[in-house]
Structure formats: C-alpha cells, structure tokens
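The structure appears below as structure tokens.
Numbering (the working numbering), first residue to last: 5 to 155.
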C-alpha cells in the first residue's frame, strides 16, 4: 500500500522525483505549488474564511492551477459549496439537460470542441452556480455521477 506524502516531503522532492511518480509535465507545477503552500506565508485557514471569489483568485495564482482545479479545491477542501467545477462530463450533462438555457451557437460550439476555452468554462460554471445556488457543489456531484453513468 502507498501513503500520500506529507507537505514537507512534497516540498523537498525534486521535479525529477515527482515526475518519476507519474506526474509528467505536472511535476513542475506540483513542486512549485508544494513549496509555496508549505512556506510560512500561506495561510490555509484565511483562504477557507475568504469568500468564493477571493479564494478562487488566490488559487489561480498557483502554478498549474486552472479554473477547474481551483473550483475542485474550493469545493472539496475549502467547503465553498457554491463552487461548480466543469469538465467533459459536466459539459455532456449540461448539453443534454440544460441546453435551453444557452444560445444555440454557444451549444453548437461547445458540442464540437474537445476542450473548453476559459470563457466557455466561466459561462458554464456561472450557469451552474446561479441555477443551483448556494449548494451548487452538491448538484455538481450528483450530475457528475449521472454523466459518468449515462452520458
């Protein structure tokens, strides 16, 4: 069985060691973020007390953290239940069951693309947060499971 490394172990690991764990190109991001988080200047509790938008902006400043990862951290680690991470499964569910909430051109564009642009991600994320409200994260979890099983 394998144990997850401590923050200190992650911060001390070299990029090469991290890449050897199967992280590939993400090894550099993990290394940089681990060092930043393990340092004295990072205050996880302050981030947890922050509102959704403030915490999200701060997370996006970390190397390799994009909108989806930031939203996942907000939902699963910082208890920001209004967070609504969007990935390929969520896009499929939205296309199948919520398309009427978007212009046809937008739906066609996101149907044809392999990945979402930042503005497309923001639009779907904002839809989920507005439509499902303060507990959008719970809805996202149920919809994600539905998407994995049925889409």
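Where a beta carbon is used, it is the ideal one built from N, C-alpha and C, also for glycine. These numbers come from a predicted model, not from an experiment.
(1) For residue 51, tell me which candidate among 108, 43, 84 and 73 has the shortest Cα-Cα distance.
(2) Quick check on DSSP: helix, strand or coil for residue 120?
(3) Flag this pair as touching only if the region 53–72 and the region 104–117 have three or more C-beta atom pairs under 8 Å; answer yes or no.
(4) Determine the extent of the alpha helix (DSSP H) in which residue 15 is found, giving its start and end residues.
(5) Is it the case that the Cβ atoms of residue 88 and residue 151 are separated by a distance below 8 Å?
(6) Just verifying my parser: in three-state terms, what is the DSSP assignment at residue 135?
(7) Should residue 38 and residue 19 be called a contact, given that it needs their Cβ atoms to be closer than 8 Å?
(8) Quick one: what does DSSP say residue 107 is sitting in, helix, strand or coil?
(9) Helix, strand or coil: how does DSSP classify residue 73 here?
Reading off the structure:
(1) For the options 108, 43, 84 and 73, the alpha carbon positioned closest to that of residue 51 is the one of 84.
(2) The answer is coil: DSSP assigns residue 120 none of H, G, I, E or B.
(3) Using a C-beta cut-off of 8 Å, the region 53–72 makes no contact with the region 104–117, since fewer than three inter-stretch Cβ pairs fall below that distance.
(4) Residues 11–16.
(5) Inclusion of residue 88 and residue 151 in the CB contact set at 8 Å is not warranted, their separation being larger than that value.
(6) Residue 135: helix per DSSP, three-state reduction.
(7) For residue 38 and residue 19, no; Cβs fall outside 8 Å.
(8) Here residue 107 sits in coil by DSSP.
(9) Shown here, residue 73 sits in a helix according to DSSP, grouped into three states.
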